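Line order of the protein sequences matches chains X and R. The numbers in the working numbering rise by one with no breaks, and the one at position 101 of the first sequence is 101. Numbers in the working numbering are just positions in the second sequence, counted from 1, shifted up by 1000. Let me begin by presenting the structure, written as structure tokens, before commenting on it.
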Amino acid sequence: MPQRQLTGARIRSRRLDRQISQSDLAARVGISASYLNLIEHNRRRIGGKILNDIARELELEVAVLADGAERGLLEALRAAAAGQVQAGAETEQSEDFAARFPGWSGLVVGQARRLAALEERVAAMSDRLTHDPHLDTALHEVLSVVTAIRSTASILVGSDGLDPDWQGRFHRNIHGDSLRLADASQALAAYLDAPKDEGGAAFSPVEELERFLDLHGYHVPGLEGPDPMLSPHEIVEGAAGLSAGGRDLALAWLGQYRADALAVPLDQLAQAALDLDNDPAAIAEALEVPLVTVLRRLAALPVGGAHPEIGLAVCDGAGALLHLKPIEGFALPRTGPGCPLWPLYQALSRPGQPIRAVVTMPGASSPRLTCYAIAEAQGPVSFDTPPVYAATMLVVADAPVTPARPVGRTCRICPQPACTARREPSILPEPSVAPIGGP
Amino acid sequence: MAKRVLLIEDEPNIIEAISFILTRDGWTVHTHSDGETAADRVRQLPPDMIILDVMLPGRSGFDILRDLRADPQTETIPVMMLTARGQTKDREMAMRLGASHFMTKPFSNAEVLEHVRSLVEG
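What follows is the structure in structure tokens.
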């Protein structure tokens, strides 16, 4: 039923909620009760003065009565309901609910969003716990020392008449292991207890680079223009939290940024993005530059302009993530294998062939994302060495309304059942949505 | 003649403790700590059974096991794998590669003895 026709239902619902009789309201706005009855049952259109008067009497905004609750709020409510199907929310009455209880509706939507954010955080932490090599090594150290202590202590306790030389040797071993265990435990505790405001410890130079870029919003004004104000070295010199490896990566990234900025000036790019609806291929053709350069430049557009939210991922030929600019609804594991259904990985099997796909991650409120990916050989071509490929994927939040390909983050934290790309069981419960990657 | 066990493990005090309990139980224990050369050591001996740690310097226990199972000289030697990771996928990988048994650290001496005896003597 068209939304406009539901104005009458909203009037009726609000009137009953405020315990006003039909005849009383009709009298207050100067119409007959029978006419109001027809309006309330959507048999008469309403507008102008009568609508204004009724809205005033019912103490509601005219827009709320005429158009219902905001479309975004309604969609968010329905998404929240879809994410908890087992709760049995009456979705057919979501508009009525939003109109009558906008505050409660906002609370429901806010809680659903918070839940989604927490799930994302849990997924990221689980991802780290599963694949983080530092944690793996630290746990291995602790468990190995514990094993040695347990085994040695067991010999000492269970061996009557143990040779004094062996006895002394095992005592020394236990003492040494206990010191190692204390050190390993403290290091592990410190590692897990990283400051929360920094989002946890940086595990690798790649993550240090991500933090560094995140602080800059992935846009570096000092490197823009024909005569930049700063050099990559000057920018990195003042940066905190970068190890030697992180500095090298930052310098390489900023050098590439500067080269891209020279090839595609910011003003030209911004205008072309608006004119060509952020289509990277069209922009590359218009500006006569390589597609991959446009992908990187679009991801470096300043935040807050007329452009949609844009993410970027770059991986090497083995699928290892080299760079990630996450946006809402788009995340890949920093370490360990990601979901192979992402165009980023599929591009690796078709080097030089641009791939475009609209995707969405699990979760009823996950946004639709348009992905543009391409894999290209890196460095000079040689007859004697195999080419080394890297794939680049741009992720644009403003996706058209077309069927979206479901994708995940990584199998272990992906709830989708019956996926042909699944490589290991998930730790999450199955959702009530269609399977992904099916035949 | 005492049966020979090759313990491939890089943690010195685990080596010492397991060597002690196996020797006391009548086994001849050989040890090796480097993953890179472990398969060669197996071929040199060869032992009646192998206790193989997964995380070794130079080469992982999984890779070593894969090599041993691909070599007719070593393919039938019982291998008990030790790991600090008890994840299902590690256990499944070990068994898929042909491990005879999979033991998660920290284990007890009694468990080690029981499985060594069982794997060699049946």
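C-beta atoms are modelled at their ideal positions from N, C-alpha and C, and glycine is treated no differently. These numbers come from a predicted model, not from an experiment.
Step through the CB atoms of chain R and report whether any lies within less than 8 Å of the CB of residue i.
i, result
"Ile155 of chain X", "yes"
"Asn173 of chain X", "yes"
"His323 of chain X", "no"
"His134 of chain X", "no"
"Asp177 of chain X", "yes"
"Ile11 of chain X", "no"
"Arg409 of chain X", "no"
"Glu424 of chain X", "yes"
"His140 of chain X", "yes"
"Ala187 of chain X", "no"
"Ala192 of chain X", "It is worth fixing the name first, because residue 192 of chain X is Leu in this sequence and not Ala. No, its Cβ sits nowhere closer than 8 Å to a Cβ of chain R."
"Val146 of chain X", "yes"
"Thr7 of chain X", "no"
"Thr152 of chain X", "yes"
"Leu181 of chain X", "no"
Taking 8 Å as the CB-CB limit, is residue i close to chain X?
i, result
"Glu1011 of chain R", "yes"
"Ser1108 of chain R", "yes"
"Glu1016 of chain R", "yes"
"Ala1084 of chain R", "yes"
"Phe1020 of chain R", "yes"
"Lys1105 of chain R", "yes"
"Met1080 of chain R", "no"
"Met1055 of chain R", "yes"
"Lys1003 of chain R", "no"
Distance, Cα to Cα, residue i vs residue j?
i, j, result
"Pro1106 of chain R", "Gln167 of chain X", "22 Å"
"Gly245 of chain X", "Pro205 of chain X", "5 Å"
"Arg356 of chain X", "Cys371 of chain X", "6 Å"
"Ala79 of chain X", "Val303 of chain X", "27 Å"
"Glu75 of chain X", "Gly319 of chain X", "36 Å"
"Pro367 of chain X", "Phe1102 of chain R", "44 Å"
"Val1054 of chain R", "Val292 of chain X", "41 Å"
"Arg296 of chain X", "Ala272 of chain X", "15 Å"
"Ile174 of chain X", "Phe1020 of chain R", "15 Å"
"Pro265 of chain X", "Gly83 of chain X", "43 Å"
What three-state label does DSSP hand residue i in the structure shown?
i, result
"Leu230 of chain X", "coil"
"Cys411 of chain X", "helix"
"Phe1062 of chain R", "helix"
"Tyr441 of chain X", "Given a span of 1 to 439 for chain X in the structure shown, any question on residue 441 of chain X remains unanswerable."
"Pro1012 of chain R", "helix"
"Tyr218 of chain X", "coil"
"Asp267 of chain X", "helix"
"Ile374 of chain X", "strand"
"Val1029 of chain R", "strand"
"Leu1007 of chain R", "strand"
"Ala357 of chain X", "strand"
"Lys49 of chain X", "helix"
"Met125 of chain X", "helix"
"Leu242 of chain X", "coil"
"Val206 of chain X", "helix"
Figure out for me which residue from the options has the closest Cα to the Cα of residue i.
i, options, result
"Asp227 of chain X", "X:Asn42, X:Gly238 and X:Ala259", "X:Ala259"
"Ala377 of chain X", "X:Ser366, X:Ile46 and X:Ala390", "X:Ala390"
"Arg100 of chain X", "X:His171, X:Arg10, X:Ala148 and X:Leu135", "X:Arg10"
"Asp267 of chain X", "X:Ala306, X:Trp253 and X:Pro232", "X:Ala306"
"Asp1063 of chain R", "R:Val1079, R:Thr1031 and R:Val1029", "R:Val1079"
"Gly1026 of chain R", "R:Lys1003, R:Asn1013 and R:Asp1010", "R:Lys1003"
"His233 of chain X", "X:Leu38, X:Ala250 and X:Ala66", "X:Ala250"
"Val29 of chain X", "X:Ser382, X:Ile50 and X:Thr360", "X:Ile50"
"Asp1034 of chain R", "R:Leu1056, R:Arg1117 and R:Glu1111", "R:Leu1056"
By the DSSP assignment, the beta strand (DSSP E) with residue i in it spans what residues?
i, result
"Gly311 of chain X", "Ile310 to Asp316"
"Asp1053 of chain R", "Met1049 to Asp1053"
"Ala391 of chain X", "Val388 to Val396"
"Thr293 of chain X", "Where Thr293 of chain X is concerned, there is no enclosing beta strand (DSSP E), although the alpha helix (DSSP H) it sits in stretches over Leu291 to Ala299."
List the endpoints of the continuous alpha helix (DSSP H) containing residue i.
i, result
"Glu1111 of chain R", "Asn1109 to Glu1121"
"Arg1096 of chain R", "Thr1088 to Leu1097"
"Phe170 of chain X", "Pro164 to Leu192"
"Phe1102 of chain R", "Note, Phe1102 of chain R: premise wrong, no alpha helix (DSSP H); beta strand (DSSP E) at His1101 to Thr1104."
"Thr7 of chain X", "Thr7 to Asp17"
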